[in-house]
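Residue numbers (our numbering), protein chains in the order written: chain V, 1 to 593; chain R, 594 to 916. Here is the structure we will look at, set down as structure tokens.
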Amino acid sequence: MHRSRGTTLLALALALALSISSIAVAQTKTVGYPGLGLEPGTPGGTLTLALGDSPPRFFYYGEISQPIQLLSQQMFDSLVEYDLETYDLIPALAESWDVSDDGTVYTFNLRQGVTWHDGEPFTADDVVFTYEQIITNPEARAGDAAQFTYTVDGETRQVTFEALDEHTVRMTLPAPSPVFLLQQRFFIMPKHALLPFSVEGGAEPAEINDAWPTSVSPSTVVGTGPFRLSAYVPGQLVRLERNPDYWKADEAGTPLPYFERLEFLIVQGTEAQTAQFLAGNIDQLNISGAQFPDFKSRELAGAGFSVIESPALFGSPPHLAFNFNAADSDLAELFSNAEFRRAMEFAVDRERVIEDVYNGLAELPGTPTAPVNAAFYEDTTGLFNMYDLSAAAAALDALGLVDTNNNGVRNISASRELEFTLTYGNDSAVFTDIATIIQNDFAEIGVRVNLQGIQASQLLGTGLSGDYEAIVVALGNLPDPELRKPIWQPGGSLYYWHRATQPASPGEAPNFDAMEPWEVRIWEIFDANSTEMDAALRAERYREWQRLNAEYAPVIMIAKPGNVAAVYDTVDNFVYSLGVIPGYNPVPFYFRR
Amino acid sequence: MLVFFTRRILLFFPTLLLVSFISFFIIQLQPGSFTDRYLEDPRFSPEAVERLTAQLGLDRPAIEQYGRWVWGIVTRLDFGFSFFANRPVSTMIGERLAWTVVIAVVTLGFAWLVAVPLGIYTALKRNGFTDAVASFVGYVGLAVPDFLVALLLVALVLAYGGTNVGGLFSPRFIGEPWTWAKFVDLLNHLWIPVLAIGTAGIATIMRQMRANLLDVLHADYVRTARAKGVSERNVINRHAVRTAINPLVSMAGLQLPELINGTIIASIVLNLPTIGPLLYDSLLAKDQYVAMTLLLFASLLLMIGNLLADLALAWVDPRIRYG
Chain V
1 MHRSRGTTLL
11 ALALALALSI
21 SSIAVAQTKT
31 VGYPGLGLEP
41 GTPGGTLTLA
51 LGDSPPRFFY
61 YGEISQPIQL
71 LSQQMFDSLV
81 EYDLETYDLI
91 PALAESWDVS
101 DDGTVYTFNL
111 RQGVTWHDGE
121 PFTADDVVFT
131 YEQIITNPEA
141 RAGDAAQFTY
151 TVDGETRQVT
161 FEALDEHTVR
171 MTLPAPSPVF
181 LLQQRFFIMP
191 KHALLPFSVE
201 GGAEPAEIND
211 AWPTSVSPST
221 VVGTGPFRLS
231 AYVPGQLVRL
241 ERNPDYWKAD
251 EAGTPLPYFE
261 RLEFLIVQGT
271 EAQTAQFLAG
281 NIDQLNISGA
291 QFPDFKSREL
301 AGAGFSVIES
311 PALFGSPPHL
321 AFNFNAADSD
331 LAELFSNAEF
341 RRAMEFAVDR
351 ERVIEDVYNG
361 LAELPGTPTA
371 PVNAAFYEDT
381 TGLFNMYDLS
391 AAAAALDALG
401 LVDTNNNGVR
411 NISASRELEF
421 TLTYGNDSAV
431 FTDIATIIQN
441 DFAEIGVRVN
451 LQGIQASQLL
461 GTGLSGDYEA
471 IVVALGNLPD
481 PELRKPIWQP
491 GGSLYYWHRA
501 TQPASPGEAP
511 NFDAMEPWEV
521 RIWEIFDANS
531 TEMDAALRAE
541 RYREWQRLNA
551 EYAPVIMIAK
561 PGNVAAVYDT
571 VDNFVYSLGV
581 IPGYNPVPFY
591 FRR
Chain R
594 MLVFFTRRIL
604 LFFPTLLLVS
614 FISFFIIQLQ
624 PGSFTDRYLE
634 DPRFSPEAVE
644 RLTAQLGLDR
654 PAIEQYGRWV
664 WGIVTRLDFG
674 FSFFANRPVS
684 TMIGERLAWT
694 VVIAVVTLGF
704 AWLVAVPLGI
714 YTALKRNGFT
724 DAVASFVGYV
734 GLAVPDFLVA
744 LLLVALVLAY
754 GGTNVGGLFS
764 PRFIGEPWTW
774 AKFVDLLNHL
784 WIPVLAIGTA
794 GIATIMRQMR
804 ANLLDVLHAD
814 YVRTARAKGV
824 SERNVINRHA
834 VRTAINPLVS
844 MAGLQLPELI
854 NGTIIASIVL
864 NLPTIGPLLY
874 DSLLAKDQYV
884 AMTLLLFASL
894 LLMIGNLLAD
904 LALAWVDPRI
914 RYG
């Protein structure tokens with residue numbers, strides 16, 4: 001984003017005015033979303049949300065954990081954040097920024113007058129410290145050193161960070177990156193509080209993970225975010241209180257957030273969370289389409305809450321994958337054949353999954369970009385083999401897969417039935433239903449499927465180990481495909497359905513010999529796009545990738561579930577949020593009617 | 594007596610070593626790795642997997658991991674750390690121990706208070722209407738898993754517009770200083786786990802008490818007591834019940850480890866801040882030192898329970914002598 005001359009002048013004038021009065025007033029940012037129906041609210045009250053598990057600690061970069069992500073979202077800020085309505089990147093702790101013409105130098109002008117929860121001023125040193133000492137520390141368990149390591153002409157080079165003055169930070173990239181700004185939604189941490197845990201402060205690199213255990217005094221966990229830590233009762237509750245000095249205000253000038261207290265009740269499991277919500281102990285709950293009928297009927301019976309649905313950009317659409325490198329060589333050969341996968345696609349009843357499993361609160365998926373992602377989505381539904389069992393049977397016949405011994409199951413060879421195991425997550429009602437629907441339909445066309453249920457959290461690990469034949473996995477959608485490159489680029493570390501494409505050792509070039517021609521093309525698309533700065537060209541390449549995915553079906557995308565939430569009518573200004581996407585936080589706008 | 598006691602204590606150590614060894618290697622046999630849970634996060638690169646594996650010492654041979662852990666316990670009473678929370682296992686258990694003990698004691702106390710008199714009553718009024726009803730309810734209580742009872746109670750509370758559907762307190766009381774209102778709120782929440790977890794125990798204890806007493810009521814010395822003209826009340830209380838309760842004392846010892854692993858599912862369903870859910874999570878996540886320490890703790894409790902029961906038995910039953 002290049003600032004217009006007008007804003008620059010305005011900012012200059014403002015800075016001048018500030019320096020003259022020499023009073024450190026926070027550069028308050030007024031925000032409003034009339035497009036989302038948000039209205040100025042009234043301060044006060046307590047909002048109670050659910051936390052699915054106890055936080056293992058309070059340090060965001062110390063552990064990849066959903067509870068920590070949910071809490072950090074409320075206690076910390078990043079340089080940039082999402083516009084809640086358009087998903088555009090808008091200023092947060094960075095009040096504005098400039099990008100050099102070659103796309104390698106980013107200069108962030110920080111918001112002035114922002115203070116940490118303990119009153120210390122927020123400065124450029126904090127930003128540099130966070131990036132240099134924490135995020136790019138490879139020992140930080142939830143850091144992201146890989147994101148700032150570039151390979152240029154076969155040479156590994158790092159992004160550098162420097163504080164130009166108290167309120168200006170410069171980041172220099174070894175090569176241009178189209179998603180660099182999008183990635184700067186990292187929560188900024190206080191240098192004065194965390195220095196002793198960093199290498200700069202004399203600690204070992206791995207000691208950064210020791211920061212802010214749950215036994216820490218709440219007042220020492222300081223951020224710049226809308227709420228600050230007030231109390232933690234192990235296994236029961238995390239209590240946050242309003243940050244009176246937060247830098248955001250609504251359009252009427254009322255400082256945000258509105259709620260005086262934000263409480264996270266620790267409740268494990270969908271059933272227990274549902275019970276707590278229905279009892280009125282939790283104000284809002286994200287639910288799945290599968291739970292919709294129960295909630296909706298209660299809403300209609302006057303339970304005092306509303307069920308809200310919207311199409312989802314984030315979130316995980318499920319897919320069916322066949323293991324190209326299955327241990328069984330007959331199956332591996334079959335599964336590597338795009339014609340076989342396309343034949344099986346005819347037997348995947350997407351409409352039924354959408355209607356019966358998600359109760360209509362899902363849509364036909366992208367391949368795999370979310371349909372609501374206007375920048376990159378290519379509508380490939382016209383290329384889908386939609387549910388048609390006779391077409392599936394005919395396609396299998398054409399592949400020579402016929403029932404030679406008249407037992408109702410097709411044969412790969414005279415001695416080998418067309419039979420395989422389908423692995424799915426049996427602790428998720430959605431996965432179980434999808435797996436059962438697939439099993440039944442496949443049986444109709446003479447393909448025998450044996451179900452194997454495992455924990456949903458183990459699905460990707462199982463996929464990567466290669467110890468499966470077919471599997472139903474759900475993987476996340478993010479705004480830019482580049483952010484999910486390890487999953488979708490052949491040879492990527494999470495490209496689990498075709499492990500033969502993996503490089504001999506991590507970091508080396510992938511095994512191109514193992515790739516199909518279309519996989520090579522997809523690899524090229526991702527490779528070119530990761531440094532391409534021309535937005536239109538990038539989008540065009542990614543659209544080609546989605547068409548290739550639809551045509552060759554490396555995986556069969558099943559459905560894109562929508563956002564569904566239940567919220568009590570006393571909570572106003574509700575905007576759906578997964579809660580774990582850094583930089584997408586509508587909670588400060590909520591208020592009690 | 595002292596010799597008996599010492600010998601039993603000394604036997605603890607080889608048993609615990611064996612238990613820890615077996616549980617460690619069963620955990621190792623579980624497919625997948627601790628790091629699997631992070632794979633879906635975009636931040637978790639292959640390099641990060643390697644770093645974390647090295648940080649946690651998981652790149653070392655299994656036998657070395659086990660050896661280091663045992664050595665830590667023996668030399669420093671260090672039970673290892675939780676991979677997940679990056680904290681010593683002992684502090685994590687300590688955090689939840691108090692509520693675990695409170696709930697267990699209240700639940701066990703409730704079960705005994707109800708079951709023993711009921712067992713005596715049904716034995717005396719054998720085959721009567723009350724016996725039939727109590728036995729039926731007892732069997733149902735025994736047959737229905739505690740977590741199902743918990744879910745049904747929660748559904749019942751919801752249906753009647755209650756808000757005490759899990760946990761130990763209403764959100765507004767959590768982390769606040771103790772007041773009378775908070776205590777009432779606790780009682781309002783506590784009855785559900787006590788009832789849910791207690792019912793299964795009631796049936797077992799009641800049936801045991803009933804059977805024991807019936808055996809004893811036909812014994813010679815009871816007939817003798819009656820023949821001597823001792824009042825029926827004294828025959829029952831002094832002679833019959835005192836003998837009949839002995840096997841229950843041994844049973845109480847066996848119930849000690851139930852504090853941890855007997856009520857896991859019910860604790861999860863009811864969202865209790867106890868040790869049970871900690872064990873469950875650690876087993877699922879392969880957070881091995883937490884899981885092993887808890888299993889070790891459970892076996893230790895079982896052995897202590899057995900020892901206490903044996904000692905108590907010697908105390909209540911003059912016929913038993915150790916030596």
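Note that the Cβ used here is the ideal one computed from N, Cα and C, for glycine as well.
State yes or no: is the beta carbon of A697/R nearer than 8 Å to at least one beta carbon in chain V? By 1-based counting over the second sequence, the position of residue 697/R is 104. Answer no: the Cβ-Cβ gap between A697/R and chain V never drops below 8 Å.
Express the C-alpha separation of T772/R and P56/V in angstroms, rounding to a whole number. For this step, residue 56/V is matched to residue 56 along the first sequence. For this step, residue 772/R is matched to residue 179 along the second sequence. Rounded to whole angstroms, P56/V to T772/R spans 29 Å at the Cα level.
For chain R, check one thing: does any of its Cβ atoms lie closer than 8 Å to the Cβ of P138/V? What you label residue 138/V is simply residue 138 of the first sequence in a count that begins at 1. It does; some Cβ of chain R falls within 8 Å.
Of the residues G235/V, I438/V and N450/V, the one placed nearest I918/R, counting alpha carbons only: For residue 918/R there is no data in the structure shown, the boundaries of chain R being 594 and 916.
Here's the rule: buried if 16 or more other CB atoms are within 10 angstroms of the residue's CB, otherwise exposed. What is K485/V? Working through the first sequence from its first residue, we reach residue 485/V at position 485. Classification for K485/V: buried.
Would you give the residue range spanned by the beta strand (DSSP E) that Q236/V belongs to? In the first sequence, counting from the first residue as 1, residue 236/V sits at position 236. Unbroken run through Q236/V: none, as it is neither H nor E.
N477/V (DSSP reduced to helix, strand or coil): Sequence index remark: in the first sequence, residue 477/V carries index 477 (1-based). Three-state DSSP puts N477/V in coil, outside helix and strand.
Y232/V by DSSP, collapsed to three states: which one? Position 232 of the first sequence, counted from the start, is the residue given in the question as residue 232/V. In the structure shown, Y232/V sits in a strand (DSSP, three-state: E or B).
Who are the neighbours of S638/R on chain V, taking C-beta pairs under 7 Å? Taking the first residue of the second sequence as 1, we reach residue 638/R at position 45. A146 and S493, listed in chain order.
Closest Cβ-Cβ distance between A678/R and chain V: below 8 Å? Position 85 of the second sequence, counted from the start, is the residue given in the question as residue 678/R. Answer yes: the Cβ-Cβ gap between A678/R and chain V drops below 8 Å somewhere.
Can you find a CB in chain R that lies within less than 8 Å of the CB of N529/V? The residue given as residue 529/V occupies position 529 in the first sequence. No - not a single Cβ of chain R is within 8 Å of the one on N529/V.
Please list the partners that T684/R has in chain V, where partner means a Cβ-to-Cβ separation under 8 Å. Within the second sequence, residue 684/R is the residue found at index 91, counting from 1. Going along chain V in sequence order, the residues near T684/R (Cβ under 8 Å) are S215.
Helix, strand or coil for L901/R per DSSP? As a first step, residue 901/R is located in the second sequence; it is residue number 308 there, counting from the start. Three-state result, L901/R: helix.
When the cut-off is 8 Å and only beta carbons count, does T421/V lie next to chain R? Looking up residue 421/V in the first sequence gives position 421. Cβ-Cβ to chain R under 8 Å: no for T421/V.
What in chain R is Cβ-close to T462/V, meaning under 9 Å? Start at 1 with the first residue of the first sequence, and residue 462/V comes out as number 462. Result: P624, G625 and D629.
Taking 8 Å as the threshold (C-beta atoms), are R141/V and E204/V in contact? Here residue 204/V refers to the residue found at position 204 of the first sequence. Here residue 141/V refers to the residue found at position 141 of the first sequence. No, these two residues do not count as a Cβ contact at 8 Å.
Which residues bound the beta strand (DSSP E) around A145/V? Start at 1 with the first residue of the first sequence, and residue 145/V comes out as number 145. No beta strand (DSSP E) contains A145/V, which DSSP labels as neither H nor E.
DSSP state of I913/R mapped onto helix, strand, coil: Along the second sequence, read from residue 1 onward, the residue named residue 913/R stands at position 320. Coil, per DSSP.
Keeping to the same chain, check which residues put their C-beta closer than 6 Å to that of R803/R; ignore five residues upstream and five downstream. Reading the second sequence from its first residue, position 210 is the one you call residue 803/R. Counting only Cβ-Cβ distances below 6 Å, and skipping sequence neighbours, we find G712, T715 and A716.
Check whether the Cβ of S390/V lies closer than 8 Å to any Cβ atom in chain R. Translated into positions along the first sequence, residue 390/V becomes position 390. With 8 Å as the cut-off, S390/V does not count as an interface residue toward chain R.
If you follow the beta strand (DSSP E) that S413/V is part of, which residue opens it and which one closes it? Here residue 413/V refers to the residue found at position 413 when the first sequence is read from its first residue. Its beta strand (DSSP E) spans residues N411 to S413.
Which of helix, strand or coil does DSSP assign to M676/V? Residue 676/V lies beyond the residue range present for chain V, which begins at 1 and ends at 593; the question has no answer from this structure.
Rounded to the nearest angstrom, how far is the Cβ of A859/R from that of L872/R, given a contact under 8 Å? Residue numbering aside, residue 859/R sits at position 266 when the second sequence is read from its first letter. Residue numbering aside, residue 872/R sits at position 279 when the second sequence is read from its first letter. The pair is not a contact, with the Cβ atoms about 13 Å apart (cut-off 8 Å).
Would you please state the rounded distance, in angstroms, between the beta carbons of I767/R and V233/V? I believe it to be under 8 Å. Taking the second sequence and counting its residues from 1, the one referred to as residue 767/R is at position 174. Taking the first sequence and counting its residues from 1, the one referred to as residue 233/V is at position 233. About 5 Å separates the two Cβ atoms, so the contact holds.
Q658/R CB to nearest chain V CB: under 8 Å? In the second sequence, residue 658/R corresponds to position 65, counting from 1. No - not a single Cβ of chain V is within 8 Å of the one on Q658/R.
Range of the contiguous alpha helix (DSSP H) that encloses E688/R: Sequence index remark: in the second sequence, residue 688/R carries index 95 (1-based). Segment V682 to L717, the alpha helix (DSSP H) holding E688/R.
Taking just the CA atoms, how far does P506/V sit from L320/V? Stepping through the first sequence from its first residue, residue 320/V is reached at position 320. Stepping through the first sequence from its first residue, residue 506/V is reached at position 506. So the two alpha carbons sit approximately 26 Å from each other.
Step through the CB atoms of chain V and report whether any lies within less than 8 Å of the CB of T756/R. Position 163 of the second sequence, counted from the first residue, corresponds to residue 756/R. Taking Cβ atoms only, chain V reaches closer than 8 Å to T756/R, which makes this a yes.
Chain V contact for I728/R (CB, 8 Å cutoff): For the purposes of this step, residue 728/R is taken as residue 135 along the second sequence, with counting starting at 1. Correcting the residue identity first, residue 728/R is Ser in this sequence and not Ile. With 8 Å as the cut-off, S728/R does not count as an interface residue toward chain V.
Whose C-beta lies closer than 6 Å to the C-beta of L863/R among residues of the same chain, with five residues either side of it excluded? Here residue 863/R refers to the residue found at position 270 when the second sequence is read from its first residue. Closer than 6 Å at the Cβ level, and outside the excluded window around L863/R, lie A743, G759 and P786.
Contact check, P226/V vs Q69/V under 8 Å by CB: the rounded distance? Your numbering for residue 226/V matches position 226 in the first sequence. Your numbering for residue 69/V matches position 69 in the first sequence. Going by Cβ atoms, the distance from P226/V to Q69/V rounds to 15 Å, so no, they are not a contact pair.
V447/V and L475/V closer than 8 Å at C-beta: Your numbering for residue 447/V matches position 447 in the first sequence. Your numbering for residue 475/V matches position 475 in the first sequence. Contact flag unset, no.
Reduced DSSP secondary structure (H/G/I, E/B, other) of F591/V: In the first sequence, counting from the first residue as 1, residue 591/V sits at position 591. Three-state DSSP puts F591/V in a strand.
Find the nearest neighbour of V834/R within the set N679/R, A697/R and V709/R, judged by alpha-carbon distance. If you number the second sequence from 1, residue 834/R lands on position 241. For the residues N679/R, A697/R and V709/R, the minimum Cα distance to V834/R belongs to V709/R.
Burial state of Q658/R (16 or more Cβ within 10 Å): Here residue 658/R refers to the residue found at position 65 of the second sequence. Counting Cβ neighbours within 10 Å, Q658/R comes out buried, since at least 16 surround it.
If you measure beta-carbon to beta-carbon, which residues of the region 538–568 of chain V are closer than 9 Å to chain R? none
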